Amino acid sequence: MTKFGNSSGDNVTKKGLSANRRMLRWSIEEIKHGQLWPISIALTLIIACVFALSALGERMEQVITKQGRDALTADLVFSSSNPVPQTLFRAVNETELLSASRVRFSSMAFSDTEMQLVEVKAVNSQYPLVGSLQLKSPGGVVSHVSPGELWLDERLFPLLGVSSGDVVTIGDAELTISGSIIQEPGLSFNPFRQMPAVYIHETDINKTGAMRPGGRVRFNLYLTGDSEVLEHLKESVTLTPSDRWRDQESTSRRNDMFEKTQQYLSLTVAIVIIMAAITLVLTSQHYVFGRRQTIAMLKSMGASKKWLSRWLLIQVSLLFIVGTVFGTIGGIGLEYLLRIPLTDLLPDPLPGYGGTPALISVITCLLIGVPALGIPLITLLNTSALNVMQKGSDKRNIRVYSLILVPLIPLFLVYWNNSFVWIVLTGMLGVLIFLAGLSIIIIKAIKYFSVSAPMKLAISRISRSPLTSGIQFSALSLSLMLLSVIWLVRTDLLDDWQRVIPDDAPNVFSINIAPYEIADYMQALDSYRLLRSQAYPMIRGRLTSINGDDVNTLYDNPRDIDSLSRELNLTYGTSIPERNTVLRGNWTESDGVSVEEGVADELGLSVGDRLGFTINSQLVSATINSVRHVEWREMRPNFYFQFTPDVLDTLPSTWLVSFRVENDKRGLMKQLSRRFPTVSQLDVRVMGDKIQTLLGQIIWSVTVLAALGVIAGLLLIFTLLRLSLSQRQEEIRLYRTLGASKKRITYTIWSEYGLMALIAGVIASVGADLCVAAIMSLGFDLEWSLHPLMWVLLPLLAFVILWGALNSLFSQLLYPVR
Numbered sequence: 001m002t003k004f005g006n007s008s009g010d011n012v013t014k015k016g017l018s019a020n021r022r023m024l025r026w027s028i029e030e031i032k033h034g035q036l037w038p039i040s041i042a043l044t045l046i047i048a049c050v051f052a053l054s055a056l057g058e059r060m061e062q063v064i065t066k067q068g069r070d071a072l073t074a075d076l077v078f079s080s081s082n083p084v085p086q087t088l089f090r091a092v093n094e095t096e097l098l099s100a101s102r103v104r105f106s107s108m109a110f111s112d113t114e115m116q117l118v119e120v121k122a123v124n125s126q127y128p129l130v131g132s133l134q135l136k137s138p139g140g141v142v143s144h145v146s147p148g149e150l151w152l153d154e155r156l157f158p159l160l161g162v163s164s165g166d167v168v169t170i171g172d173a174e175l176t177i178s179g180s181i182i183q184e185p186g187l188s189f190n191p192f193r194q195m196p197a198v199y200i201h202e203t204d205i206n207k208t209g210a211m212r213p214g215g216r217v218r219f220n221l222y223l224t225g226d227s228e229v230l231e232h233l234k235e236s237v238t239l240t241p242s243d244r245w246r247d248q249e250s251t252s253r254r255n256d257m258f259e260k261t262q263q264y265l266s267l268t269v270a271i272v273i274i275m276a277a278i279t280l281v282l283t284s285q286h287y288v289f290g291r292r293q294t295i296a297m298l299k300s301m302g303a304s305k306k307w308l309s310r311w312l313l314i315q316v317s318l319l320f321i322v323g324t325v326f327g328t329i330g331g332i333g334l335e336y337l338l339r340i341p342l343t344d345l346l347p348d349p350l351p352g353y354g355g356t357p358a359l360i361s362v363i364t365c366l367l368i369g370v371p372a373l374g375i376p377l378i379t380l381l382n383t384s385a386l387n388v389m390q391k392g393s394d395k396r397n398i399r400v401y402s403l404i405l406v407p408l409i410p411l412f413l414v415y416w417n418n419s420f421v422w423i424v425l426t427g428m429l430g431v432l433i434f435l436a437g438l439s440i441i442i443i444k445a446i447k448y449f450s451v452s453a454p455m456k457l458a459i460s461r462i463s464r465s466p467l468t469s470g471i472q473f474s475a476l477s478l479s480l481m482l483l484s485v486i487w488l489v490r491t492d493l494l495d496d497w498q499r500v501i502p503d504d505a506p507n508v509f510s511i512n513i514a515p516y517e518i519a520d521y522m523q524a525l526d527s528y529r530l531l532r533s534q535a536y537p538m539i540r541g542r543l544t545s546i547n548g549d550d551v552n553t554l555y556d557n558p559r560d561i562d563s564l565s566r567e568l569n570l571t572y573g574t575s576i577p578e579r580n581t582v583l584r585g586n587w588t589e590s591d592g593v594s595v596e597e598g599v600a601d602e603l604g605l606s607v608g609d610r611l612g613f614t615i616n617s618q619l620v621s622a623t624i625n626s627v628r629h630v631e632w633r634e635m636r637p638n639f640y641f642q643f644t645p646d647v648l649d650t651l652p653s654t655w656l657v658s659f660r661v662e663n664d665k666r667g668l669m670k671q672l673s674r675r676f677p678t679v680s681q682l683d684v685r686v687m688g689d690k691i692q693t694l695l696g697q698i699i700w701s702v703t704v705l706a707a708l709g710v711i712a713g714l715l716l717i718f719t720l721l722r723l724s725l726s727q728r729q730e731e732i733r734l735y736r737t738l739g740a741s742k743k744r745i746t747y748t749i750w751s752e753y754g755l756m757a758l759i760a761g762v763i764a765s766v767g768a769d770l771c772v773a774a775i776m777s778l779g780f781d782l783e784w785s786l787h788p789l790m791w792v793l794l795p796l797l798a799f800v801i802l803w804g805a806l807n808s809l810f811s812q813l814l815y816p817v818r
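Heads up: the sequence shown is residues 1 to 818, going by UniProt numbering.
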């Protein structure tokens, strides 16, 4: 009996497994014959995009979080362009706070054969308080700088052609190389940072000759300890306009570049997700349209709703599994591609992102998939068995549409206070409606022209389904428009970059020229017959009052305004440079200052306003005599504020001059540097190359995102076409019954969709030019021009896309009428 019982149980188990295998096999066949593969592609796109953005955001978040205390190398930092006051040192000594100091300035470094502009960091032996400074010498690794030592960034060894133990001249000081810098405390996020660092002890500063009046020097005092003691110290110190306290909250403003980049990525990914979600909806609707009779027949043969639900659930599960696997793999690759433009901004090695991005992407995909797949499939399950004999006998269940709230509620909770997201989503919806309406208007206008019979039939077919036709037109137009906008903006930006920088633009800036050597320096440049600018005195100062009112009381967030949040380079002269255009007012000979138009507009300044500045703890004031336009992209010396000489000529200053050195005269720079060792030479060609490289990386990233958008758009267009053509099967049978030939039907379909390609391409061309005009003028403040060649290429591209889509569908479409 026992043996029989076991055998019976095994048979039942085997039958159950066999039934499950058959259902799984039927489900796979249904996916294949029901043409549900676009659902897997759409799910893959959604998961890949969300995974990539989440992973990149997780990396950024970890970097930003780590940046706080480590980047400061302390809990609190006092920073000033003037030496740290002795009163502050005494106040710190009276507490139990730990302190360290650093003085930072730029200077020229010389070896026997080479030279290089470097960033000198003069520190005491306690630096850093937080973070790691690793200095490698032949004797081992140390973490602090001692008097007489010189530590070089590893990049400097090949640039200067030196090794440990050699002598390098920093300004006027000759120092022996102690070793290399392996790791510095804190993180650097400046992609244009081209000056390698050197470390010396603060006792060796005077030997370099860099501490001259008006020089560009930054003094920092680093503090760690009890937060209450630090807060009390901040309150007890009276800051001058040149001073500021920095803590973890203030350093977070440096992450604005990350936030803007992430916002841009979020917007692009959102567009891809929306298009993929629409593809899910349309594919599901197409499946429901083609399988309604099948479900009705299965129900009439005794199939239960539970069995059908299980059958459809297996199909959906398989699609989700495929989408999850390939989406995760694609997301890892996409995150790497999106990270390429941030290579110079992110630390190495990068922090990991764990499993959070995968979890977020799958949950997001489920939230989108619940209404996109749930509503059509539940409607399909509710198909009545009577539908076999009488179509349209189903009762609509309005409650099923409540599934739309599944993704909308989380979306609202996450972005309820982000007006930018809602503006973009509303704008996209408005563009789609506008493009659809414009297309239908054009079609209706064509009806009044004399065309062939197949073309009339095609126009009539489009006009009879205005909603479906409008969606097709708008989807195709929008996809083509986005693709062309990406390309045109890329092209115009590169053209403008090359157009703005003239062939004779200066490529070297000499800064920190002492007043006593400016005459000799200018004479040297003229003796070498170099094309140079005039010399400009340069003084560091901060705008502190407007018409007698403190700027901190005039604006809500003065630290968020660039011209108020830092010290500026100020200059004076007897006239405004010829390349600057006076917009308002006139230059005066005394007690005057000319303001750059951007600063004037941002601060609401007008001619006649009285401005007060703090320069080296001294107060100066002048009246605005003019507002001028400055072309910052010309790579020439430019300033926010230019004074008449009587206002600033008694204050200590250094001088600035720019000049152009051709490649065959690069040796002259070495001669100049050795003759004037304390003058810093900034070769902007290096910066220009970095800008070009960074721009190319960003364009690559944008192109990758654009490609995703195009793939999602093509998938959407293909799904729309298939849905439209499948619904016309019976219409085509009727045409054949009435005697229409296969050739006539084919010609009519080509007329209909060829007309659609032409109209969508023309609309996309006009829309792309308008979008590019808005982007270039509003976003980049650049001039724009029309692109007539694109008006020809986009319709051709649209026709090629439709040709490929229709060719893949013709055999299926015409099969029943052969």
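For each residue, glycine too, the CB sits at the ideal point set by N, CA and C. Values in this document were obtained by computation on a predicted structure and should not be read as measured data.
How many angstroms separate the CA atom of residue i from the CA atom of residue j?
{"i": "GLN618", "j": "ARG540", "result": "11 Å"}
{"i": "LEU648", "j": "ALA773", "result": "43 Å"}
{"i": "ASN124", "j": "ILE170", "result": "18 Å"}
{"i": "ASP75", "j": "LYS234", "result": "12 Å"}
{"i": "SER439", "j": "PRO788", "result": "20 Å"}
{"i": "TYR536", "j": "VAL630", "result": "16 Å"}
{"i": "GLY316", "j": "SER143", "result": "What sits at residue 316 in the sequence shown is Val, not Gly. The straight-line gap from Cα to Cα measures roughly 59 Å."}
{"i": "THR644", "j": "ASP526", "result": "26 Å"}
{"i": "ASP549", "j": "GLY612", "result": "9 Å"}
{"i": "ILE177", "j": "VAL77", "result": "29 Å"}
{"i": "ASN586", "j": "ASN625", "result": "6 Å"}
{"i": "GLU596", "j": "TYR640", "result": "5 Å"}
{"i": "LEU793", "j": "LEU480", "result": "10 Å"}
{"i": "VAL362", "j": "ILE329", "result": "13 Å"}
{"i": "TYR747", "j": "MET790", "result": "27 Å"}
{"i": "ASP153", "j": "LEU175", "result": "15 Å"}
{"i": "MET669", "j": "SER565", "result": "35 Å"}
{"i": "THR654", "j": "LEU570", "result": "11 Å"}
{"i": "PHE4", "j": "ARG25", "result": "Residue placement at PHE4 is flagged as unreliable, the pLDDT there being 40, under the threshold of 50; a coordinate-derived value is accordingly withheld."}
Between residue i and residue j, is the Cβ-Cβ spacing less than 7 Å?
{"i": "LEU117", "j": "SER658", "result": "no"}
{"i": "VAL168", "j": "ALA109", "result": "yes"}
{"i": "PRO147", "j": "HIS201", "result": "yes"}
{"i": "SER80", "j": "ASP243", "result": "yes"}
{"i": "LEU280", "j": "ILE39", "result": "yes"}
{"i": "VAL322", "j": "PRO376", "result": "no"}
{"i": "LYS121", "j": "ILE182", "result": "no"}
{"i": "ASP609", "j": "ASN552", "result": "no"}
{"i": "ASN580", "j": "ARG532", "result": "no"}
{"i": "GLY331", "j": "ALA52", "result": "yes"}
Along the beta strand (DSSP E) that carries residue i, what are the first and last residues, could you check?
{"i": "ALA358", "result": "Segment 356 to 381 is the alpha helix (DSSP H) holding ALA358; no beta strand (DSSP E) there."}
{"i": "TYR555", "result": "Taken as a continuous stretch (DSSP letters only), TYR555 belongs to no beta strand (DSSP E), as it is neither H nor E."}
{"i": "HIS201", "result": "197 to 201"}
Terminal residues of the continuous alpha helix (DSSP H) containing residue i?
{"i": "ALA519", "result": "518 to 527"}
{"i": "GLY327", "result": "305 to 339"}
{"i": "ASN206", "result": "205 to 208"}
{"i": "LEU230", "result": "227 to 236"}
{"i": "ILE624", "result": "No alpha helix (DSSP H) holds ILE624; the beta strand (DSSP E) holding it covers 618 to 629."}
{"i": "TYR401", "result": "That residue, TYR401, is in no alpha helix (DSSP H); it is neither H nor E in DSSP."}
{"i": "SER563", "result": "562 to 565"}
Identify which residue in the options has its Cα closest to the Cα of residue i.
{"i": "THR379", "options": "GLN285, ALA445, THR364", "result": "GLN285"}
{"i": "SER474", "options": "ILE513, GLY430, GLU752, LEU53", "result": "GLY430"}
{"i": "GLU228", "options": "ILE546, LEU97, SER484", "result": "LEU97"}
{"i": "ILE745", "options": "ASP562, LEU88, MET455, MET195", "result": "MET455"}
{"i": "ASP799", "options": "LEU755, ILE205, ALA173, TRP784", "result": "Just to set this straight, residue 799 is Phe in the shown sequence, not Asp. Taking only the C-alpha atoms, the option nearest PHE799 is LEU755."}
{"i": "VAL414", "options": "TYR401, LYS447, THR364", "result": "THR364"}
{"i": "ILE513", "options": "SER479, LEU682, ASP601, GLY131", "result": "LEU682"}
{"i": "GLU578", "options": "ALA458, VAL198, ARG310, ASN638", "result": "ASN638"}
Q. Mind pulling the beta strand (DSSP E) runs of 3 or more residues that sit fully within the stretch 74 to 120?
A. 76 to 80, 98 to 110
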